[in-house]
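Undergrad:
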Amino acid sequence: MSDPILAIVVPCYNEEEVLPETIGRLRALREELIEERLISPKSALLFVDDGSRDSTWKLIYKASLRYPEVKGLKLARNAGHQNALLAGLFAAKAHADCLVSIDADLQDDVSAIREFVQKFRQGYDIVYGVRRRRDTDTWFKRHTAQGFYRLMKMFGVDLVYNHADYRLMSRRAVDALEQFGEVNLFLRGIVPLLGFRSTAIYYDRKERLAGQTKYPLKKMISFALDGVTSFSVTPIRFISLIGLFSFVISLAFGAYFLFLKWAGHTATGWTSLITSIWLLGGLQLMALGLIGEYIGKMYKETKRRPRYIVDLDLWNWPLPQRLSSAADELEAVKPAGGPLKK
């Protein structure tokens with residue numbers, strides 16, 4: 012087969028500290044793969060700015076002026092990591108035979124992309140990047156992540172264990188992904204549903220090179236909740252089972268207290284009453300909250316709002332040649348072959 016055109020899609024949100032190094036490393040990897048005749052010289056890097064508040068877009072813009080293989084996509088506002096990733100994939104698929112998604116923090120081993128491409132050339136449409144272990148995670152994050160995968164498996168959701176969003180997809184796989192029209196798109200669950208031939212490549216995850224994580228505890232909980240409620244109605248059924256169990260228990264207690272009354276052993280008191288009220292009240296609030304999550308998702312789906320809005324697309328809307336007028340801007344950029352400076 013002819014050398015495939017590869018597009019590496021990198022969603023970015025406030026990544027000015029690490030982005031220069033990321034651009035340098037991915038450019039170097041691209042050159043190596045071209046020299047090894049694994050990919051076409053038409054292969055490119057697409058950096059998606061997800062409404063960053065720092066100089067992320069400025070760095071992407073400068074790099075796109077300097078290096079033809081670097082492309083930029085700027086979203087009008089912060090749409091979230093998953094939506095930014097989708098925006099990049101859908102924008103790049105018209106120009107590529109295969110697409111790799113990777114985060115900008117360089118925690119994922121970029122050298123694994125070489126194995127991704129080799130698997131693609133062997134006929135695989137989807138190649139998952141899977142972590143061998145979680146040594147770099149904190150104890151809390153490691154155990155909560157493992158608990159999340161177990162919970163999703165219990166609910167019948169097909170997830171690739173220890174896989175995040177580091178993967179290769181063929182163009183036809185991305186075309187199939189675009190057919191999923193829901194607003195609440197949980198990629199880690201949707202991609203296995205595509206059904207194309209897939210495999211996994213294992214790698215060791217590294218420490219974050221610079222900057223701070225964009226997934227604090229609050230976002231992790233929200234992400235996990237989205238995953239559960241997007242793919243399974245088991246939690247609703249679980250609440251129904253709790254309600255049925257509570258009803259059976261209340262019947263048993265009712266019969267017991269009637270027996271005490273008939274036997275003349277009843278005693279006044281409020282402890283059992285208050286306990287039962289708080290227990291049932293808490294269960295009812297949990298049930299309402301869970302049902303509200305599903306109703307909220309239905310609300311978002313029925314409004315059919317776009318997942319993201321593109322502000323600037325430096326790939327599909329090419330910039331005019333302005334290198335001479337942009338000389339002052341390019342002083343902050345290292346010569347070709349090296350990473351950008353801050």
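Start counting the sequence shown at 12; every next residue gets the next number (our numbering). Virtual Cβ for every residue (Gly too), placed ideally from N, Cα, C. Source: prediction; values computed, not measured.
Along the chain, which unbroken stretches of the beta strand (DSSP E) at least 3 residues long are found entirely within the stretch 23 to 56?
TA: none
Undergrad: Does the stretch 70 to 77 come within contact of the stretch 43 to 52, defined as at least 3 CB pairs closer than 8 angstroms?
TA: no
Undergrad: For I113, report the span of its beta strand (DSSP E) as first-last.
TA: No beta strand (DSSP E) contains I113, which DSSP labels as neither H nor E.
Undergrad: So the beta strand (DSSP E) D176 belongs to, where does it begin and stop?
TA: 174 to 181
Undergrad: Thinking C-beta only, is F127 closer than 7 angstroms to V141?
TA: no
Undergrad: On the DSSP letters alone, give me the boundaries of the beta strand (DSSP E) that L84 sits inside.
TA: 81 to 86
Undergrad: Looking only at C-alpha atoms, which of E46, R48, D61 sits nearest to H92?
TA: D61
Undergrad: DSSP has F58 in a bridge; who is on the other side?
TA: V21, G83
Undergrad: Which one of E80, L84, R77, L44 has the shortest CA to CA distance from P22?
TA: L84
Undergrad: Excluding sequence positions up to five away, which residues of its chain have a Cβ less than 6 angstroms from the Cβ of I45?
TA: P52
Undergrad: Bridge partners of L198, per DSSP?
TA: Answer is none; L198 lacks a bridge partner.
Undergrad: Less than 7 angstroms separating the beta-carbons of L110 and A18?
TA: yes
Undergrad: Is it buried or exposed, E26, if we count other Cβ atoms within 10 angstroms and call 16 or more buried?
TA: buried
Undergrad: Whether or not the stretch 290 to 308 and the stretch 73 to 82 are in contact is what I'm after, with contact meaning three or more pairs of Cβ atoms, one per stretch, closer than 8 angstroms; do they touch?
TA: no
Undergrad: Specify, as a first and last residue, the run of the beta strand (DSSP E) that L170 falls within.
TA: Here L170 belongs to no beta strand (DSSP E), and DSSP marks it neither H nor E.
Undergrad: Can you list, in chain order, the residues of its chain whose CB lies under 8 angstroms from that of R315, leaving out five sequence neighbours each side?
TA: Hits under 8 angstroms: V194.
Undergrad: Alpha carbon to alpha carbon, what distance is there between I288 and W281?
TA: At W281 the pLDDT is 48, less than 50, meaning the model places this residue with poor confidence; the figure from the coordinates comes in the next sentence. Inter-residue distance for W281 and I288 is about 10 angstroms (C-alpha atoms, whole angstroms).
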